[in-house]
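The structure under discussion appears below in the form of structure tokens.
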Ligand SMILES: [Ca+2]
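Numbering (the working numbering), first residue to last: 5 to 208.
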């Protein structure tokens with residue numbers, strides 16, 4: 005959402021929940037429990053954008069529902085120093101954008117969901133100098149409807165290049181056909197765009 009709209013909405017924001025979360029991460033990101041402050045507001049439902057073709061091109065086999073149309077979601081030829089970047093956005097504070105895929109997890113191998121993600125970093129022209137952009141969004145990964153991973157995607161978890169590599173172990177489901185879902189939730193309804201430079205499932 006735009007800076008002006010964000011300010012308008014932030015005035016109306018009311019805090020409704022504080023969620024303590026912890027998540028297991030393999031790889032180069034922090035593993036400590038995080039406190040995620042979820043701010044909700046009423047009446048913020050937005051319009052949806054159909055980015056199904058872009059998602060199919062970026063990550064074959066994945067489907068998308070409930071992508072909001074704020075901030076121009078879809079594929080960008082280049083963003084954040086990387087080429088071919090997918091942009092998603094929640095529809096509202098209550099309705100995440102969801103990417104899903106049916107996955108046959110092979111037996112006898114270690115299977116991992118590998119994601120490279122980032123958050124908005126485009127400063128508005130009138131943004132106060134020296135003040136960090138409060139850009140973040142909440143990533144939830146579910147297997148067969150059960151939450152197996154949660155992470156607040158923000159500058160804090162990214163490396164110097166501005167990207168975070170997140171890994172979710174799918175080996176416990178070896179030999180099974182699972183429904184994998186990645187939910188992009190809003191957090192604070194401010195700078196909620198999610199950026200994906202990689203969505204991959206690796207079996208070794
Ligand atoms: Ca946010």
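Positions of the beta carbon are idealized from the N, C-alpha and C atoms, including for glycine.
Tell me which same chain residues have a C-beta within less than 7 Å of the C-beta of residue i, skipping the five on either side of it?
| i | result |
| --- | --- |
| residue 100 | 70, 94, 187, 188 and 189 |
| residue 77 | 53, 55, 71, 91, 92 and 93 |
| residue 83 | 89 and 199 |
| residue 127 | 137 |
Measure the alpha-carbon distance for residue i versus residue j and round it to whole angstroms.
| i | j | result |
| --- | --- | --- |
| residue 197 | residue 108 | 30 Å |
| residue 218 | residue 144 | For residue 218 there is no data in the structure shown, the boundaries of the chain being 5 and 208. |
| residue 166 | residue 201 | 11 Å |
| residue 185 | residue 148 | 8 Å |
| residue 41 | residue 142 | Only weak support exists for where residue 41 lies, its pLDDT of 40 falling under 50; the coordinates are left without a value. |
| residue 178 | residue 63 | 22 Å |
Taking Cβ positions, are residue i and residue j nearer each other than 7 Å?
| i | j | result |
| --- | --- | --- |
| residue 132 | residue 194 | no |
| residue 105 | residue 65 | yes |
Between the Cα of residue i and those of the options, spot the shortest distance and give me the residue it belongs to.
| i | options | result |
| --- | --- | --- |
| residue 169 | 182, 204 and 184 | 204 |
| residue 173 | 160, 146 and 163 | 146 |
| residue 98 | 180, 199, 164 and 51 | 51 |
Please work out which residues of its chain come closer than 6 Å, Cβ to Cβ, to residue i, disregarding the five sequence neighbours upstream and downstream, and give them in chain order.
| i | result |
| --- | --- |
| residue 110 | 207 |
| residue 58 | 78 and 79 |
| residue 86 | 201 |
Roughly how far, in whole angstroms, is the beta-carbon of residue i from the beta-carbon of residue j, given that I think they are within contact range, below 8 Å?
| i | j | result |
| --- | --- | --- |
| residue 140 | residue 152 | Incorrect: roughly 21 Å between the Cβ atoms, too far for contact. |
| residue 199 | residue 122 | 4 Å |
Among residues of its own chain, excluding the 5 on either side of residue i, which ones have a beta-carbon nearer than 8 Å to its beta-carbon?
| i | result |
| --- | --- |
| residue 73 | 50, 51, 52, 53 and 93 |
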